[in-house]
Amino acid sequence: MKSQEHFLLPDEPAKCHLIREGKFVKEGTSAKKWHLVIKNDSQREYTNNGKDYIKYKIEFLENCTYKTTVTGKSNGKNTMRLGDVIINKIMETDHQFIKISSQYFNKTDEFVLEKIE
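Quick note, the working numbering runs 394 ahead of the 1-based positions in the sequence shown.
#1: Which class does Ile510 belong to by DSSP, given the choice of helix, strand or coil?
#2: Is it buried or exposed for Met395, if we count other Cβ within 10 angstroms and need 16 for buried?
#3: What whole-angstrom Cβ distance do Ala408 and Glu486 have, given they're in contact under 8 Å?
#4: What number of angstroms, rounded off, separates the C-alpha of Glu511 from the C-alpha of Glu453?
#5: Please report the residue range of the beta strand (DSSP E) in which His429 lies.
#6: How should Lys467 be labelled, buried or exposed, when 16 other C-beta atoms within 10 angstroms of its C-beta is the threshold for buried?
#7: Would the beta-carbon of Thr473 fall within 9 Å of that of Lys451?
#8: I'd like to confirm the pairing. Which residues does DSSP put opposite Arg438 in its beta bridges?
#9: My assumption, with CB atoms under 8 Å, is that Ile494 sits in contact with Asn482. Please give the rounded CB distance.
Here is the structure:
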């Protein structure tokens, strides 16, 4: 319910450039549990208080659509494998909040990121 508060007046058009660089957290999750850093066409997803990570190469397919490919990881327990591809589409933005739809393993997830840096 809380995420809908952010998108009552979404940016028109969506500010997709916000995802190109910065530090992000998933709404409702602490930065210690999970955060994402994007810089120089590379993305790192950190978990476990920053001890574990998955590294991705980013390729923008369109202004609001990008592909991430797993290029490295620290945690053998994670289900992601080297070479796995995720297609991400920015659905909406509202100030520092970004609603994303991710497609991988023949399923789609939606989540909200907050840009904190």
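All C-beta atoms in this analysis are idealised placements derived from N, C-alpha and C, irrespective of residue type, glycine included.
According to the structure shown:
#1: coil
#2: For Met395, the predicted structure reports a pLDDT of 41, less than 50, and the residue's modelled location is therefore unreliable. A value from the coordinates is still provided. Classification for Met395: exposed.
#3: 6 Å
#4: 21 Å
#5: First-last of the beta strand (DSSP E) with His429: Trp428 to Lys433.
#6: So Lys467 ends up on the buried side.
#7: no
#8: DSSP lists Val431 and Lys449 as partners of Arg438.
#9: That belief holds up - the Cβ atoms of Ile494 and Asn482 are roughly 5 Å apart, short of 8 Å.
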